[in-house]
Structures are given as C-alpha cells and as structure tokens.
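Trainee:
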Amino acid sequence: MKNARVKISGTGAVSGFGGGCDPLWQGLLNEDCAIGPIRDIPCSDQLPGWCVQIPADVSDIPLCDFFQGYENDAFLRMCGLVLGEMFPEIGTQAVALDNEALSVFLSTLKGNIPCFERKIGSSGCRDVALQDILIHSPAGTLASTLQAEGTTRTYSNACASGTTAVAMAAADIRYQRTKTSVVLGGDLFSYFIHTGFSCLKAMSFNPCKPFDRERDGLTLGEAFAGLHLEKTLGKEGVQIMGWGLSNDANHITGPSRTGEGLRRAINACLKDAGVDPDQVGAVVTHGTATRYNDAMELKAYQSVFGDSIPPLCGIKGAIGHTLGAAGIIETIVAMKIIEEEIIPATVGHESSSESDISFGSQRLGSPIVLNCNSGFGGVNVAVLIGRPDAIR
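In the working numbering, each residue carries its 1-based index in the sequence shown increased by 96.
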C-alpha cells in the first residue's frame, strides 16, 4: 500500500490578537505584543501579573450554525470559532465533511479546567459532573458535533501536546488509517495553571524575552487553533512532510542540558521527510524564554545544523506560551511563512550571545520550515512543513 501525503487544507485560530489567522499573522509581522496585565484573576505580589488573554470582543463573533448550543462553555465556544474559520462553507450541519473518514485530534494541557473552577467556586462540588473533569470530554463532544466516525484522540503531553497531535494526525493519514483529520488545540487561562507554573519558578515577572541574554521565564497565553489535514497523492500545496518524537528521560520538568533529545527528534523528522539540514529555510522554535529551555534548544540546533543554523522565529514573546494550542499555532505560522515567503522577527528578543544566529525579520530562502516543541517529562517533537512542489 502506497503511503499518502498530508496536505494542510484549512486553518483557524483565536489568539491574543483576536479571532482569525490573519490578525495573528499581521500581529507577528508588525512585531506587536499581546502580553498585558491579567484580567479577572486576583494576583498577589508573589505571582507574576502578566499573561496573554483572548480579547473580550471575541465573544461577539457568532458561532457557525452547526455549533450552536455551546455559547456558555468557553472552551467549546473557542473550538467552535476555530472550526468556523476552518470550514466556512459548512452551514447548518457538518454534513459537508466526509464524516465517515473524519478523525478528531485534540491537544490540551488541562482541558476545560476553568469550567471546573467556576462550578467549584459557585456551588462547591455538588454540581460538578464527570464531563467537567475528564480531560478527554471536549474531544468526544467535538467528534459528536462533527459527526466524525473515525479516530477520536486527546493528547496531553505537556507543552508538546499540539505538535504531537499534528504528527499523529498526519501519521493516520499517511498510513491510510483515515482520509481527513481535524486537529484542534487550546487552553484557557486559569488560576490553577497560573499558580502551577508559578510554583515551578518558570514564569517571568515581566513580558517574556525568548532567547535573549536577559531572559528569566515564560509568559502564559491563552489561544485555540486548528488544522484540517487531508490525504493527497500530489506534491501541490503546503504539506506535513515529516515528524520525529523522542524523550530525553532527563527530569520530570527540566530539559536535558545537552539538547540530545531534541536533536534526535529533529534528525528523525528530517530523515522521515527525506530532507537534508541545509534545505531547511527557517525554524519556528519552542522559545519559552526560560533560561534552560532556550539554551537546550540552541545546543540542539547547533548539533543538527552546525555553523549554518537557519533563521529562528519564536512567537511566544508576542502571544505567550499557549500550551495546548502552541504547536498547532506554530504549524500555522510555519505555513504562513512558506506562503508569504517572510520570516517574522522574534518579539521580545533584544540581545543574544549567539551573534551568528538570526532572530530578525527576513525573506524565506527555502520553502521548508521546521517546527519544534519540548515539554515536561523530557518529550521532544519536531514537525516539518513544506511545499514539495517548490523544493529545488
């Protein structure tokens, strides 16, 4: 059985720049920063007061007709807005999709935890239903709403959840376990997540500065994003060309200081795609702005690319670390880089000891972009996005 190619047929996003992929892309091109003071959650002097939250006016964007009924569930509502951008032609029902061959992949760190927090705060535990707690419940609801008859999975492997979901959805299509997949990811900002990362001393008390010599921690962001992946046999369009996963088994939260785990994931990804390191035109990085993660990442890139590291682009200084949405949003950004042939600057990056690595805005040289993410537990994932028909 011949392996299929995996084409990106649709995208959707809700971020700190508002609803839609275009505001996200324009915000990155303009080097805007959506980081601001935290709304709605009281913060003491011991907790960082910065984050990225979805603008309040996003709630005014109407849901697509087939997703009515979820207006009061913030998590599902955001998923509905993403689906509405991905499939503007659906109309009142999801029947425009090939439901029999459709699979749904959801990536999230904590699922619908804000709903759980609100119910506990307002009524104690008496009115909390099981579906408010189980992390896989939103995926089941989404699959039911889309009438998807294929695979339904939830990925929650720390900050690499989104990239893992993209890779696994692409694998199902390549090996013809399904014909088309919806990949959705996201997390809402919550007191639980904010205090959790604060306890780990991973957050900055200022807007984050990826790869900067003065970086001192991440800034959390909330966002939702989605990809529609389809089977194709041709080379046309932007495609998921390859992927690689590894685990460095170093520490429950800390990354390997050597970058060995990420290096193995990148090399596996390049081999899977049949691409040489010198063919990569840019890297959309994990770039959390924590001291150890950024250092580990750079060591991995130096190990893979030697003295010819491609331009690096980190977006967390603009929209924060969006957790379950991060890898999917960064895949969308990689796609836009290829389509527009321009690499946005890394917002928040001011100075670096790595003088031979570019973090500034510039033209893309090769239509192949690497997207990398790492997470707690030592997980590392790399996905290669490219236009096979334009590769020399």
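The beta carbon of each residue, even a glycine, is placed where N, CA and C say it ideally should be.
Model, not experiment: these values are computed from the prediction.
1) With a CB to CB cut of under 6 Å and the five nearest residues on each side skipped, what residues in its chain are close to E326?
2) Between A486, G474, A378 and R488, which lies nearest to A256 when the distance is taken from Cα to Cα?
3) Going by DSSP, what residue range makes up the beta strand (DSSP E) through R249?
4) Taking the alpha-carbon positions, what's the V379 to V334 distance?
5) Do you know offhand how far A391's Cα is from D452's?
6) Would you mind working out which of F201, T442, F472 and I424 sits nearest V479, comparing C-alpha positions?
7) Please determine if the stretch 416 to 435 and the stretch 117 to 131 are in contact, where contact requires at least 3 C-beta pairs separated by less than 8 Å.
8) According to DSSP, simplified to helix, strand and coil, what is N168?
9) Kindly confirm or deny that the stretch 291 to 310 and the stretch 366 to 378 touch, where touching means at least three C-beta pairs closer than 8 Å.
10) Pop quiz: K331 and G413 are said to be a contact at Cβ under 8 Å. What is the actual Cβ separation, rounded to whole angstroms?
11) Quick check: the stretch 353 to 365 against the stretch 459 to 468, are at least 3 beta-carbon pairs closer than 8 Å?
12) Contact between the stretch 339 to 347 and the stretch 443 to 459 is defined here as three or more beta-carbon pairs at a separation below 8 Å; is this criterion met?
13) Hey, E318 and F285: beta-carbon distance below 7 Å or not?
14) From which residue to which residue does the alpha helix (DSSP H) around R387 run?
15) For the alpha helix (DSSP H) that C365 lies in, which residues bound it at each end?
16) Out of T328, G207 and K297, which has the shortest C-alpha to C-alpha gap to A100?
17) Determine contact between the stretch 266 to 274 and the stretch 404 to 412, defined as no fewer than three beta-carbon pairs at a distance below 8 Å.
18) Using a 10 Å radius around the Cβ and a threshold of 16 neighbouring Cβ atoms, would you call S240 buried or exposed?
19) Enumerate in chain order the residues of its own chain whose CB-to-CB distance from R173 is below 7 Å, with the five nearest sequence positions on each side excluded.
20) Can you give the Cα-Cα distance for L125 and S155, rounded to whole angstroms?
21) Could you tell me which of I157, I336, V178 and V110 sits nearest to D485, measuring between CA atoms?
22) What whole-angstrom Cβ distance do M182 and H324 have, given they're in contact under 8 Å?
23) Just how far apart, CA to CA, sit K297 and W146?
24) How far does the alpha helix (DSSP H) with V429 in it extend, from its first residue to its last?
25) What is the DSSP secondary structure of F162, counted as helix, strand or coil?
26) In three-state terms, what does DSSP make of P59?
27) If distances are taken between C-alpha atoms only, which option among T107, Q458 and R459 comes closest to G281?
28) Using CA coordinates, which residue listed in A361, A152, Y388 and A422 is at the minimum distance from S399?
29) Identify the continuous beta strand (DSSP E) that holds I464 and give its terminal residues.
30) Determine the burial state of F113: buried for a count of at least 16 other Cβ atoms within 10 Å of its Cβ, exposed for fewer.
31) Output yes or no for whether 7 Å exceeds the beta carbon distance between I415 and S199.
32) Which of the three DSSP states is assigned to L419 in this structure?
33) Which first and last residues belong to the beta strand (DSSP E) in which R101 is found?
34) With distance defined between alpha-carbon atoms, name the residue in D153, A396, D283 and D268 nearest to I231.
35) So, at 7 Å on beta carbons, what are the nonlocal neighbours of R359 in its own chain, with the 5 sequence-adjacent residues on each side left out?
36) Using the DSSP secondary-structure output, state which residues sit across from N476 in a beta bridge.
Mentor: According to the data block:
1) Mapped onto the sequence shown, residue 326 falls at position 230. Only K103, S105 and T276 meet the Cβ criterion.
2) Taking the sequence shown and counting its residues from 1, the one referred to as residue 256 is at position 160. Checking every option, the nearest Cα to that of A256 belongs to G474.
3) Within the sequence shown, residue 249 is the residue found at index 153, counting from 1. Residues T248 to Y251.
4) Taking the sequence shown and counting its residues from 1, the one referred to as residue 379 is at position 283. Taking the sequence shown and counting its residues from 1, the one referred to as residue 334 is at position 238. Taking the straight line from one Cα to the other gives about 16 Å.
5) In the sequence shown, counting from the first residue as 1, residue 391 sits at position 295. In the sequence shown, counting from the first residue as 1, residue 452 sits at position 356. Using only the alpha carbons, I get a separation of about 15 Å.
6) Position 383 of the sequence shown holds residue 479. Here the closest residue by C-alpha is I424.
7) yes
8) Locating residue 168 in the sequence shown gives position 72, counting from the first residue. Of the three classes helix, strand and coil, the one that applies to N168 here is coil, per DSSP.
9) no
10) For the purposes of this step, residue 331 is taken as the residue at position 235 of the sequence shown. For the purposes of this step, residue 413 is taken as the residue at position 317 of the sequence shown. Not confirmed; about 34 Å, so no contact.
11) yes
12) no
13) As a working note, residue 318 is residue 222 in the sequence shown. As a working note, residue 285 is residue 189 in the sequence shown. For E318 and F285, yes; Cβs fall inside 7 Å.
14) Translated into positions along the sequence shown, residue 387 becomes position 291. Run containing R387: R387 to F401, per the alpha helix (DSSP H) assignment.
15) In the sequence shown, residue 365 corresponds to position 269, counting from 1. First-last of the alpha helix (DSSP H) with C365: E356 to A369.
16) Translated into positions along the sequence shown, residue 100 becomes position 4. That would be T328, whose Cα lies nearest to the Cα of A100.
17) no
18) What you label residue 240 is simply residue 144 of the sequence shown in a count that begins at 1. Exposed, since its Cβ has fewer than 16 Cβ neighbours within 10 Å.
19) Residue mapping note: residue 173 aligns to position 77 of the sequence shown, counting from 1. Result list for R173: L159, Y166 and E167, in chain order.
20) By 1-based counting over the sequence shown, the position of residue 125 is 29. By 1-based counting over the sequence shown, the position of residue 155 is 59. Taking the straight line from one Cα to the other gives about 25 Å.
21) Working through the sequence shown from its first residue, we reach residue 485 at position 389. Of I157, I336, V178 and V110, the residue nearest in Cα terms is I336.
22) Mapped onto the sequence shown, residue 182 falls at position 86. Mapped onto the sequence shown, residue 324 falls at position 228. Right, their Cβ atoms sit about 5 Å apart.
23) Along the sequence shown, one-based indexing puts residue 297 at 201. Along the sequence shown, one-based indexing puts residue 146 at 50. Taking the straight line joining both Cα atoms gives about 14 Å.
24) Translated into the one-based positions of the sequence shown, residue 429 becomes position 333. Element bounds for V429: A422 to E436.
25) As a first step, residue 162 is located in the sequence shown; it is residue number 66 there, counting from the start. Three-state DSSP puts F162 in a helix.
26) Since the displayed the chain opens at 97 and closes at 488, residue 59 lies outside it and no answer follows.
27) Position 185 of the sequence shown holds residue 281. The shortest C-alpha separation from G281 is found at T107.
28) Position 303 of the sequence shown holds residue 399. Residue A361 is the option with its Cα nearest to S399.
29) Residue 464 sits at position 368 when you count from the first residue of the sequence shown. Per DSSP, I464 belongs to the beta strand (DSSP E) from I464 to G471.
30) For the purposes of this step, residue 113 is identified with residue 17 of the sequence shown, where counting begins at 1. Its Cβ being crowded by 16 or more others within 10 Å, F113 is buried.
31) Here residue 415 refers to the residue found at position 319 of the sequence shown. Here residue 199 refers to the residue found at position 103 of the sequence shown. Against a cut-off of 7 Å, the Cβ pair of S199 and I415 comes out as no contact.
32) What you label residue 419 is simply residue 323 of the sequence shown in a count that begins at 1. Looking at L419 - three-state DSSP - the assignment turns out to be helix.
33) Mapped onto the sequence shown, residue 101 falls at position 5. Note, R101: beta strand (DSSP E), R101 to S111.
34) On the sequence shown, residue 231 is found 135 positions in, with the first residue counted as 1. The candidate whose alpha carbon is nearest that of I231 is D283.
35) By 1-based counting over the sequence shown, the position of residue 359 is 263. For R359, where only same-chain residues beyond five positions count, the Cβ hits under 7 Å are A396, S399 and V400.
36) Indexing the sequence shown from 1 puts residue 476 at position 380. Its beta-bridge partners are S342 and S470.
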